[in-house]
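These protein sequence lines map, in sequence, to chains A and B. Take the first sequence: its letter number 126 is residue 150 in this note's numbering, and every next letter is one higher. Take the second sequence: its letter number 32 is residue 55 in this note's numbering, and every next letter is one higher. A virtual CB, placed ideally from N, CA and C, is assigned to each residue, including glycine.
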Amino acid sequence: MDMTKDRWSGTILVLLGIFVVWERRVLPLGTHSQPGPGYFPLLLALLLIIFGGILIFQGRSSRSIRSISWKESPHAVAILGCCVFATLFLERIGYRITMIALLGFLFGILERMRLWLVLSLTLGLALGTFWVFDTLLKVPLPRGKWGF
Amino acid sequence: MEETISNLILGFSTAFTPTNLFYALAGCLIGTMVGVLPGVGPLAGISILLPTTFGLNATSAIILLAGIYYGAMYGGSTTSILMRIPGEAASVITCMDGYAMAQKGRAGPALAIAAIGSYIAGTLSVLGLMFLAPPLARFALGFGPPEYFSLLLCGLIVLSYMTGGSIVKNLAMIVLGLLFGMIGIDQMTGYFRFAYGLVELGDGIGIVPVAVGLFGISEILATAGQSEKREVLKPKLRDLLPSKEEFRASLFPIGRGTLLGFLIGIIPGSAHIISTFVSYAIERKLSKHPERFGHGAIEGVAGPESANNAASEGALVPMLALGVPTGPIPAVLLAALMVHGINPGPLFIKEQPAIFWGLIASMYLGNLVLLLLNLPLVGLFVNFLRVPYRILYPTILMFCIVGVYAVNSSVVDVGIMTIMGVIGYLLRKMDFETAPIVLGVVLAPILEFSFRQALAMSSGDYRVFIERPISLAFLMLALTMILLALRSLIGKKKDWRDRLTEAERKI
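See below:
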């Protein structure tokens, strides 16, 4: 069977639906007159399986999975890494240090800009946004263990 | 009528304070920048900027966010005309004749007609919103859980039909969004659902990380590393005025675009995009010289741009009157209102008239601000376009992170944004629309609540949804949409949605 985009995505949707059905088993279904917390998720999971099934069934005419271009993927992976870094370290080392590290990496290493430009952009943006959000707009941003 | 006028006076007295005037102005300017910059659509823009409104009172906050909304809708046209790059999806059609005009040295008149058309359409649409929303809200006061469930279901199905592309894929995305909306504490029984021990997920996953992830991060992931060669045509200020002939030729397209845009805007789905394409098709059909379209016909700019702005205000009618958003942007606006303790719905206009009418008055003001400021400032906005993308995307990424974190001061939200970014990126590759997911997340709690309440009041009898006339009418409409979509699916014939998708891809 030729793996097309629709067949791939249909398969993922079916598997996701099955996963939700499995995970829902700890939630009471209730009755028709008093539906429990598992009732609606089960209905949705079944619908997801049905839609996924339809996509697999009629997905022959869609484009092949090989036609997808991934030329931007090295950049995408690096940016994704930055998001994960921010998630893990934002509250541990504080907003300013996290952003200086993140922007420094993107401007300096990924985009290979000149040093003076990297420094001015990184420091300006990281400290500037902290001032605007935290100081000016009183939206608290994390400071990390060292109070910075 | 008298009541409306006295309410409007109340609205103007609310909006015309120096503080609110400032926020209307700031909103329009920031919105235009958001619309102009590639990679930040109105949805991600409003979501990122939501935390900046936390220190404001509800009226000022919604005035600022509404300003960003229609500013962004307007800003998208500038890049379409000057660079042939639509700042946001609804400006795609403006690329055709707007850019052709710019190449002929008529960029100024194209920008001016887009601004004037947007102003007229915006102002007239506010009139429509003003007269339509209150009676609609009064009508909806009689809705019970079955009617609400059927209304929401109908809205979601109409959205999946109108979004274009495969209805099966769109429905699957709605279901996926609804499933995301199931995460957190069940409001009827207190059960923790799909939270895997994360206390932060108790309130469910927020609309802001979902919207920023699906629209902001996925856009950055998909476009980073692209080539930077961009040609920007810069018009001179003295060249901005259209000629008499151009004015005359634009008048009726603006009128038709306004009416069409407002009516389509009320319907769930990608109203802005659809209204611009329909307006363009109508103008071309009515023109004595249809061959000029695509080569710099001013009607091809005036009609779609007016329709686009009218649709963005038409979309606020069901959101404010019924509490039902018709697309992802009204959904984020709805969430923003809720953050400020306002619950849009049938009782909103009655219980909080100062906010509703203040918003209406600020829209008149915002449209005027857009017209007066954006044309003289076009040179400034053009300079934004010269910022290289390799500087722009890390900056956007930083704003995404700070915007999402600031909503709840939670890194879990930043994590959700990252996951949604990956999901959005992969879904793009697989040709899925992500807008239905956002709407699914917002509507999931209300949809489930009304569904379970309706079943409880009927002792588990599903006939409650078809025995009540209003509920039945909504379900019939939903069924009609599904049958219409199935017709093209079974017959393998291209319908208007397929042609719309193809046209978007070509541009």
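- Query: On the three-pair Cβ rule with 8 Å, is the segment 179-193 of chain B touching the segment 448-459 of chain B?
  - Reply: yes
- Task: Starting from residue 364 of chain B, find everything on chain A with Cβ-Cβ shorter than 9 Å and list it in chain order.
- Result: Within chain A, no residue comes near residue 364 of chain B; the closest Cβ sits about 18 Å away, beyond 9 Å.
- Message: Does residue 166 of chain B come out as helix, strand or coil in the three-state DSSP assignment?
- Response: coil
- Message: Run through chain B and tell me which residues come within less than 9 Å of residue 123 of chain A, C-beta to C-beta.
- Response: Against chain B, the beta carbon of residue 123 of chain A has neighbours under 9 Å at 421, 424, 425, listed in chain order.
- Query: If you pair each beta-carbon of the segment 130-141 of chain B with each one of the segment 90-102 of chain B, do three or more pairs fall below 8 Å?
  - Reply: yes
- Query: By Cβ distance, which residues of its chain are closer than 7 Å to residue 367 of chain B, with the 5 residues on each side in sequence left out?
  - Reply: 342, 343, 346, 357, 360
- Task: Examine chain A for any beta-carbon lying closer than 9 Å to the beta-carbon of residue 441 of chain B, and answer yes or no.
- Result: yes
- Item | Pairwise C-alpha distance: residue 272 of chain B and residue 223 of chain B | 57 Å
- Message: I'd like the list of long-range same chain contacts for residue 53 of chain B, defined as Cβ closer than 6 Å, with 5 residues on each side in sequence excluded.
- Response: 91
- Task: Name the two residues that bound the continuous alpha helix (DSSP H) containing residue 475 of chain B.
- Result: 458-480
- Query: Based on Cα-Cα distance, which residue from A:146, A:28, A:70, A:55 lies nearest to residue 38 of chain A?
  - Reply: A:70
- Per DSSP, residue 207 of chain B forms a beta bridge with which residues? B:216
- Where does residue 59 of chain A fall in DSSP's three states? strand
- Item | Inter-stretch contact (C-beta, 8 Å, three-pair minimum) for the segment 377-392 of chain B and the segment 117-128 of chain B | Counting C-beta pairs closer than 8 Å gives fewer than three between the segment 377-392 of chain B and the segment 117-128 of chain B, which falls short of the contact rule.
- Item | Reference residue 482 of chain B; option with closest CA among B:76, B:175, B:169 | B:169
- Within chain B, the residues that residue 127 of chain A reaches when beta carbons sit closer than 7 Å: 417, 421
- Would you grab the beta carbon distance between residue 89 of chain A and residue 137 of chain A for me? Rounded to a whole angstrom, and I think it's under 8 Å. At roughly 36 Å, the Cβ-Cβ gap does not stay under 8 Å, so residue 89 of chain A and residue 137 of chain A are not in contact.
- Query: By a C-beta neighbour count over all protein chains shown, 10 Å radius and 16 as the cutoff for buried, is residue 172 of chain B buried or exposed?
  - Reply: Burial is judged here by how many other beta carbons sit within 10 angstroms of a residue's own beta carbon; residue 172 of chain B has at least 16 and is buried.
- Message: Just to make sure I have the definition right: I need the residues of chain A whose C-beta is within less than 7 Å of the C-beta of residue 486 of chain B. Which are they?
- Response: Going along chain A, no residue has its Cβ under 7 Å from residue 486 of chain B, so there is no contact; the nearest lies around 12 Å.
- Item | Under 7 Å from the C-beta of residue 482 of chain B: neighbouring residues of chain D | Of the protein chains in the structure, A and B, none is chain D.
- Message: Output needed for residue 155 of chain B: all residues of its chain with C-beta closer than 6 Å, excluding positions within five of it in sequence on either side, in chain order.
- Response: 340
- Message: Within 8 Å, do at least three Cβ pairs link the segment 410-417 of chain B to the segment 120-139 of chain A?
- Response: yes
- Task: Could you list the residues in the segment 65-77 of chain B with a C-beta less than 7 Å from some C-beta on chain A, going in chain order?
- Result: So the close ones are 74, 75, 77.
- Task: Below 7 Å CB to CB, which residues in the same chain sit around residue 146 of chain A once its five sequence neighbours on both sides are set aside?
- Result: 124, 127, 128, 131
- Minimum C-alpha distance to residue 337 of chain B - residue among B:123, B:30, B:151, B:72: B:151
- Name the residue from B:335, B:318, B:307 whose alpha carbon lies nearest to the alpha carbon of residue 290 of chain B. B:335
- Task: Measure from the C-beta of residue 45 of chain A to each C-beta in chain B and report whether the shortest distance is under 9 Å.
- Result: no
- Note down, in chain order, each residue of its chain lying with its Cβ closer than 6 Å to the Cβ of residue 142 of chain B, except the 5 sequence neighbours on either side. 390, 394, listed in sequence order.
- When you compare only the Cα positions, how much space is there between residue 350 of chain B and residue 164 of chain A? So the two alpha carbons sit approximately 31 Å from each other.
- Message: Would you say residue 42 of chain A lies against chain B (beta-carbon separation less than 9 Å)?
- Response: It does not: the Cβ of residue 42 of chain A has no partner Cβ on chain B nearer than 9 Å.
- Task: Please confirm if residue 434 of chain B has its CB atom under 9 Å from at least one CB of chain A.
- Result: Residue 434 of chain B belongs to the set of residues whose beta carbon lies under 9 Å from a beta carbon in chain A.
- Query: Taking the C-alpha atoms as reference points, what is the distance between residue 364 of chain B and residue 209 of chain B?
  - Reply: 21 Å
- If we count Cβ pairs, one from each stretch, closer than 8 Å, do we get three or more for the segment 369-386 of chain B versus the segment 231-249 of chain B? no
- Nearest chain A C-beta to residue 398 of chain B closer than 9 Å, yes or no? Chain A has no Cβ within less than 9 Å of the Cβ of residue 398 of chain B.
- Candidates B:509, B:503, B:468: which alpha carbon is nearest residue 205 of chain B's? B:468
- Message: Please report whether the beta-carbon of residue 308 of chain B lies at a distance below 9 Å from any beta-carbon of chain A.
- Response: no
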